[in-house]
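Step one of this worksheet: look at the structure below.
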Amino acid sequence: MKITGAQALIKSLEMQGTEIIFGYPGGAILPVYDPIIDSTIRHVLVRHEQGAGHMAEGYAQATGRPGVAMVTSGPGATNIVTPIANAYMDSIPLVVITGQVPTAAIGTDAFQECDITGITMGITKHNWLIKDVNDIADVIAEAFYVATTGRPGPVLVDFPKDIAQSEMEWHDPPSPDQLDLPGYHPMMEGDPALIAEAAALMAAAERPVLYVGGGVLKARASEALMELAALTGAPVVTTLMARGAFPDTHPQCLGMPGMHGNYTAVTAMQKADLLVSLGARFDDRVTGKVDAFAPVAKVIHVDIDPAELGKVRTPEIGIVGDCRVVIDELTKASQGLSRTDISPWWDQVHAWQARYPIHYDEAQTGGMLKPQTIIETLAANSPDDTIVVSGVGQHQMWASLHWTFDYPYTWINSGGAGTMGFSIPAAIGAKAGKPERTVWAIDGDGCFQMTAQELVTARSEQIPIKVAILNNSYLGMVRQWQEMFYEERYSEVYLSTDLPDYVMWAEAMGCVGIRVDSPEEVLPAIEKANSINDRPVVIDFRIDASEKVFPMVPAGASNDEIVVHPSQEKSD
């Protein structure tokens with residue numbers, strides 16, 4: 001059966017189980033857009049290529065399946081570089097298809113040409129430039145396999161226009177076990193000797209902490225983690241990328257560690273004699289000053305990426321393997337071992353929890369809105385399995401700290417790259433992948449203004465997300481740093497209390513817009529938003545600009561120097 005390269009690409013995507021493509025057409029990719037008309041794949045037309053990438057990320061994180069985005073060459077390709085970098089940092093499986101000028105024109109500075117494979121070489125697991133129309137089915141099979149196995153991540157396939165227009169004799173793609181990928185062999189099982197050593201070290205620890213990272217979620221290892229936690233009885237901390245991997249309401253959960261983490265989570269890691277790192281990478285936002293981080297702790301580090309072992313902290317035991325598989329192996333190896341009594345450790349942990357809970361000052365009657373109250377009210381009036389998608393900044397930290405995450409895959413955010421503008425498109429992607437679920441995007445006014453045009457996509461594609469803007473008229477996290485560390489010299493951080501009018505903006509995009517100025521308006525606005533399910537809803541919450549995120553570890557400081565809310569300043 002002879003078909004064009006464009007038809008072969010779409011057929012290959014269908015055979016890989018692609019449900020949705022988030023994309024934007026243009027000259028170089030135009031031939032591929034014709035066979036989409038006859039395809040079973042849904043295409044979501046975005047308003048900016050960056051939106052396509054973030055939507056694919058949100059889809060991937062919500063569903064566990066790879067997100068697919070397709071854009072044209074030149075600026076179309078460069079506009080999606082930020083989502084690719086974001087996905088690379090956060091280990092999100094993406095397959096990005098970029099149009100390219102005809103092969104004969106490559107290297108001539110042709111119209112809308114750019115070397116996108118060169119540009120993305122350092123931020124993709126692998127990328128391909130297709131030079132032979134007969135390679136299409138094989139390359140797409142390889143792309144999906146590489147994106148989803150081992151440590152997940154983004155891949156890119158650059159697709160020249162003449163390849164799309166050429167004809168080929170169709171052949172089915174190889175199965176995963178038939179792929180020829182020299183040098184790519186993800187290791188799933190841990191070394192049995194190291195597993196046994198780790199189990200013994202865990203049994204002997206007096207002050208253990210299970211340090212849970214996003215790799216646990218990528219490995220679908222939440223149930224396995226519950227078994228290991230129950231067996232060891234150890235405290236559990238969940239990083240920003242692992243929120244929901246272990247239930248916040250579980251008595252062993254200490255919450256989020258890091259620069260703006262829970263005091264108890266941060267301090268327990270500092271005082272631990274053993275850190276069992278499961279799919280975490282010792283990010284600088286967690287460690288603070290590296291040479292002062294957990295100074296007496298031995299480290300067991302489990303990660304599917306061997307490059308992570310010893311990159312920041314040299315472990316006593318480093319185990320390469322899939323988190324779910326290795327956690328199961330650790331649980332089996334730990335059964336029957338005599339364990340050290342860690343009740344004195346729990347007494348200390350409980351004392352920290354009682355002394356330094358997450359705290360903020362409640363709003364006074366007639367006072368300004370408190371962002372923490374908004375998050376808590378949203379959580380209390382949303383289904384338990386609501387998917388929460390945040391932008392980056394203060395609102396991200398408030399959402400992580402004040403929403404209770406008891407289920408995996410209910411928290412989506414930009415962690416490693418810290419990409420402002422992530423929330424709106426990622427929420428659209430999550431809702432497209434999980435249309436039966438409630439999806440709240442929690443955004444700041446700065447983030448919202450970067451990608452709000454994608455609400456037009458949400459409205460036209462009938463993807464009814466709900467948006468809560470925590471609007472303080474500032475770039476809030478920058479303002480907090482300038483107040484605390486730059487003697488209140490507020491340089492280029494004020495956005496405006498009047499511009500834009502978010503209600504009018506929302507309504508211009510076909511959404512429902514609501515403005516909330518007083519505490520008594522918060523719940524009615526949320527209830528109204530929850531009652532509307534045929535279009536997106538945007539609530540502009542006007543919050544107190546002086547409100548800060550606490551706790552906080554100053555940049556470059558030791559975690560022992562954690563700053564708590566002023567009302568909790570340490571007297572001991």
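Numbers 1 to 572, taken from the UniProt record's numbering, label the letters of the sequence shown in order.
Using N, Cα and C, we set each Cβ at its ideal position, and we do this for glycine too.
Since we're looking at a predicted model, the values are computed, not measured.
Legend entry - Residue environment, residue 504, which counts as buried when at least 16 other CB atoms sit within 10 Å: Counting Cβ neighbours within 10 Å, residue 504 comes out exposed, since fewer than 16 surround it.
Legend entry - With 16 other Cβ atoms within 10 Å as the buried cut-off, status of residue 496: Burial call: exposed.
Legend entry - Exposure of residue 8, with buried meaning 16 or more beta-carbon neighbours within 10 Å: The residue is buried, with at least 16 neighbouring Cβ atoms inside 10 Å.
Legend entry - Where the beta strand (DSSP E) containing residue 253 begins and where it ends: Element bounds for residue 253: 253-255.
Legend entry - Between the CA atoms of residue 476 and residue 493 - distance to the nearest angstrom: Our two residues, residue 493 and residue 476, have alpha carbons roughly 8 angstroms apart in a direct line.
Legend entry - Every unbroken beta strand (DSSP E) inside the segment 224-267 [3 residues or more]: With a minimum length of 3 residues, the continuous beta strand (DSSP E) runs that stay inside the segment 224-267 are 236-238, 253-255.
Inset, instruction - Check residue 169 in the structure and name its three-state DSSP category. - result: In the structure shown, residue 169 sits in a strand (DSSP, three-state: E or B).
Legend entry - Neighbourhood of residue 195 by C-beta distance below 8 angstroms, restricted to the same chain and skipping five residues each side: Within the same chain, 319, 326, 329, 330, 333 come within 8 angstroms of residue 195 by CB-CB distance, once the 5 residues on both sides are set aside.
Legend entry - the segment 226-234 in contact with the segment 509-524 per 3-pair CB rule at 8 angstroms: Verdict: no, contact absent.
Inset, instruction - To the nearest angstrom, report how far apart residue 212 and residue 245 are at their CA atoms. - result: For residue 212 and residue 245, the distance between alpha carbons rounds to 8 angstroms.
Legend entry - Which residues DSSP lists as bridging residue 128, in chain order: Looking at the DSSP assignment, residue 128 forms a beta bridge with 157.
Legend entry - Buried versus exposed, by CB contacts within 10 Å (16 or more), residue 490: That one is exposed.
Inset, instruction - Name, in chain order, the residues that DSSP records as bridge partners for residue 211. - result: Answer is 237, 277, bridged to residue 211.
Legend entry - Proximity winner among 374, 513, 446, 536, relative to residue 439 (alpha-carbon distances): Closest in alpha carbon position to residue 439, among 374, 513, 446, 536, is 536.
Legend entry - Given 8 angstroms, three or more beta-carbon pairs between the segment 368-385 and the segment 422-430: With a cut-off of 8 angstroms, the segment 422-430 and the segment 368-385 do not count as touching, because too few Cβ pairs lie within range.
Inset, instruction - Report the partner residues of residue 395 according to the DSSP bridge assignment. - result: DSSP, once it has assigned bridges, lists no residue as partnering residue 395.
Inset, instruction - Identify, in the order they occur along the chain, each residue of the same chain with its Cβ nearer than 8 angstroms to the Cβ of residue 482, setting aside the five sequence neighbours on each side. - result: The residues are 488, 489, 490, 491, 493.
Legend entry - DSSP three-state assignment for residue 411, whether helix, strand or coil: Under the three-state reduction of DSSP output, residue 411 falls in the strand class.
Inset, instruction - Could you spell out the range, first to last residue, of the alpha helix (DSSP H) harbouring residue 352? - result: Its alpha helix (DSSP H) spans residues 343-355.
Inset, instruction - Closer than 7 angstroms by C-beta to residue 403: which residues in its own chain qualify, once you throw out the five before and the five after it? Chain order, please. - result: These residues qualify, in order along the chain: 375, 379, 388.
Inset, instruction - With residue 325 as the anchor, note down where its alpha helix (DSSP H) starts and where it stops. - result: Following the DSSP letters along the chain, one finds residue 325 inside the alpha helix (DSSP H) bounded by residues 323-334.
Legend entry - Buried or exposed by the 16-neighbour rule on C-beta atoms within 10 Å, applied to residue 581: Summary: the structure shown does not reach residue 581, with the chain confined to residues 1 through 572, and so no result is reported for it.
Legend entry - Strand pairing of residue 541, partner residues [DSSP]: In DSSP, residue 541 forms a bridge with 470, 516.
Legend entry - Proximal residues to residue 128 (C-beta, below 6 angstroms), its chain only, five neighbours per side dropped: Here the set comprises 139, 157.
Inset, instruction - Report the residue from 203, 255, 217 whose alpha carbon sits nearest the alpha carbon of residue 232. - result: The candidate whose alpha carbon is nearest that of residue 232 is 203.
Legend entry - Enclosing beta strand (DSSP E) for residue 317 [first to last residue]: In this chain, the beta strand (DSSP E) harbouring residue 317 covers 317-320.
Legend entry - Residues near residue 527 by beta carbon distance below 8 angstroms, same chain, minus five either side: Here the set comprises 381.
Inset, instruction - Output the distance between the C-alpha atoms of residue 25 and residue 416, rounded to the nearest integer angstrom. - result: The alpha-carbon of residue 25 is positioned some 29 angstroms away from that of residue 416.
Legend entry - Identity of the residue in 171, 17, 353, 241 nearest residue 400 by Cα: For residue 400, the nearest C-alpha among the options comes from 241.
Inset, instruction - Look up residue 405 in the DSSP assignment and say whether it is helix, strand or coil. - result: Three-state DSSP puts residue 405 in coil, outside helix and strand.
Inset, instruction - With a threshold of 7 angstroms, establish whether the CB of residue 465 neighbours any heavy atom of the ligand SAH. - result: Only the bare structure without any ligand can be found here, which leaves the ligand SAH out of the picture.
Inset, instruction - Assign residue 315 to buried or exposed, taking buried as 16 or more other Cβ atoms, counted over all protein chains shown, within 10 Å of its Cβ. - result: Classification for residue 315: buried.
Legend entry - Contact set for residue 19: own chain, Cβ-Cβ below 6 angstroms, skip 5 residues either direction: There are no such residues.
Inset, instruction - Take residue 247 and list the residues in its own chain whose beta-carbon comes closer than 7 angstroms to its own, dropping the five residues that flank it on each side. - result: Closer than 7 angstroms at Cβ, skipping near neighbours: 253, 406.
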